[in-house]
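Protein chains in written order, with my numbering: chain A, 1 to 121; chain B, 1001 to 1353.
All residues carry an ideal CB built from backbone N, CA and C; glycine is no exception.
As the structure is a prediction and not an experimental result, all values here were calculated from the model.
As structure tokens, the structure follows; a few thoughts come after it.
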């Protein structure tokens, strides 16, 4: 197995370690903790009064708009990373190319700003 | 899958010689010790003691000398708490959410270098990988918020998601300046680049990137603060507004996993900041390949990490909570444009000099 795959095998092992810790501690806790079931305990918490309606309520559309904006900018960030590692080789050419790219990116942000998408409420 | 493929796969795994498994087991064991210790240490030194002293009180004094075993006592207490699943909750997702948060914390530690050989895995994409796995916690938090079937939890989960993704961008873009200067994503090479670096031709103290990337360091710290959902960015877990947000329905050890995840990530981010901006485990003098750095390195890194952590927690105890609109405004209208400018300016300096 190559060195490259070995390093990522370690990542998988760490995933297993986190799982082992979670299930180990919960297993240990299951030996110690009491279980006295009482229907009141399993009610949804709503500041002490009986819950009204479903917990899955509607929420503000803004979260969705911000999530869309995020996806756009995050994809752009992925493009900047490989450029950043090779800037020394690209020199002025790479710099001007990326300046144009970031300018277009900033235009997108400016557009969202003008459309007052960035304003909460 | 064909049997031939399976056979070659098992062959490949068996071909790994014994030292690989031994060294992996040692690394796993060490990190399994480091993460809870780091979480406990940060929790005790900063959350309990530093905050108390800043507020002119003593903090816990009973358990152990100066209350140093307080968090262990708390842990044992949590171990004995009943494990309650709300009856309306989505049980599977509810149970798995803390695991996802904790996985994201554990995976960051894979790439943090503490010495020339004292690193779990030296991935080529180092910092990129660290940022990618750290953002996995958003999924866990959204899972917790949604699966609780609770209005507070849902609101907290959405607030957390909105905040974490908004500050993910400045975090990623601030790192870009360091990547441009070092010319690599590999954290180990970023450390060497700083130790051997020169500032305008003078290499007396190397080039810890905090000196040339102070804007990036500032953005990184603010973004980390928001990623950890700590005050002044604790909208998602605001006790006085939404009684703990996505954690509201969690009890016992499941609740404690969120706490461990938060402090484990705080330590990991402080270590990442120390590696990228303060020179990591290296000193600018001496031979970096010397074996002695495997012993001295972790100590040097720990000192630098605690210095960054002090800053992070100092902010935490000083500023009042931001409103949701102020929070989004800070990220989108200030930090992101600033970090874009930072990238271009760093690029110009890199090409011109």
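Exclusion of the five residues before and after residue 1231 of chain B leaves 1316, 1319 and 1321 as the residues of its chain whose Cβ lies within less than 7 Å of its Cβ. Counted as a single uninterrupted DSSP element, the alpha helix (DSSP H) harbouring residue 1316 of chain B occupies residues 1293–1318. Residue state for residue 16 of chain A is assigned as helix, using DSSP reduced to three classes.
Inclusion of residue 1249 of chain B and residue 1153 of chain B in the CB contact set at 7 Å is warranted, their separation being smaller than that value. Residues of the segment 1019–1036 of chain B whose Cβ lies closer than 8 Å to any Cβ of chain A, in chain order: 1020, 1024, 1027, 1028, 1031 and 1032.
Per DSSP, reduced to three states, the secondary structure at residue 102 of chain A is helical. Within the segment 1118–1158 of chain B, the complete alpha helix (DSSP H) segments of 4 residues or longer fall at 1126–1134 and 1137–1147, listed in chain order. For the 7 Å CB-CB criterion, residue 1334 of chain B and residue 1277 of chain B do not form a contact. About 6 Å separates the beta carbons of residue 92 of chain A and residue 1351 of chain B, which is inside the 8 Å limit, making them a contact pair. Here the alpha carbons of residue 84 of chain A and residue 1241 of chain B stand approximately 42 Å from one another. Linking residue 82 of chain A to residue 88 of chain A through their CA atoms gives a straight-line distance of about 12 Å.
Going by DSSP, residue 1051 of chain B is part of the alpha helix (DSSP H) stretching over 1051–1054. Classified as buried, residue 1343 of chain B has 16 or more neighbouring CB atoms from the shown chains inside 10 Å of its CB. Pairwise C-beta distances place the segment 1255–1264 of chain B out of contact with the segment 1188–1196 of chain B, as fewer than three of them are shorter than 8 Å. Using a Cβ distance threshold of 7 Å, residue 1079 of chain B and residue 29 of chain A count as a contacting pair.
Around residue 94 of chain A, the same chain offers 83, 86 and 87 as residues with beta carbons nearer than 8 Å, after the five sequence neighbours per side are excluded.
For residue 1215 of chain B, the enclosing alpha helix (DSSP H) starts and ends at 1214–1227. In the structure shown, residue 39 of chain A falls within a helical segment according to DSSP collapsed to helix, strand and coil. Taking residue 1040 of chain B as the centre and dropping the five residues before and after it, the same chain places the C-beta of 1071 closer than 6 Å to its C-beta, in chain order. Pairing residue 1046 of chain B with residue 1313 of chain B gives a Cβ-Cβ distance under 7 Å. By the Cβ rule, the segment 1279–1292 of chain B does not count as touching the segment 1175–1183 of chain B, because fewer than three pairs are nearer than 8 Å. Only 1146, 1148, 1149, 1150, 1151, 1152 and 1153 from the segment 1133–1153 of chain B bring a Cβ to less than 8 Å from some Cβ of chain A.
The distance from the Cβ of residue 1346 of chain B to that of residue 1181 of chain B is about 7 Å, consistent with a contact at the 8 Å cut-off. The criterion of a C-beta distance shorter than 7 Å is not satisfied by residue 1064 of chain B and residue 1048 of chain B.
If the five residues before and after residue 1211 of chain B are omitted, its C-beta is found closer than 8 Å to the C-beta atoms of 1199, all from its own chain and listed in chain order. Assignment of residue 1163 of chain B by DSSP, reduced to helix, strand and coil, places it in the helix class. Residues of chain B with a Cβ closer than 7 Å to the Cβ of residue 111 of chain A do not exist; the shortest Cβ-Cβ separation is about 12 Å. DSSP places residue 1342 of chain B in the helix class (H, G or I) of the three-state scheme. In the structure shown, the three-state DSSP call for residue 1333 of chain B is helix.
Using a Cβ-Cβ cut-off of 7 Å, residue 115 of chain A does not count as an interface residue toward chain B, since no Cβ of chain B sits closer than that to its own. Not a single CB atom of chain A sits nearer than 7 Å to the CB of residue 1276 of chain B. Nearest in C-alpha terms to residue 113 of chain A, of all of B:1328, B:1155, B:1341 and B:1269, is B:1328. Between residue 1038 of chain B and residue 1267 of chain B the beta-carbon gap is near 4 Å, inside 8 Å, which marks them as a contact. In the three-state scheme derived from DSSP, where H, G and I count as helix and E and B as strand, residue 47 of chain A is classed as coil.
The C-alpha of residue 98 of chain A lies about 14 Å from the C-alpha of residue 1339 of chain B.
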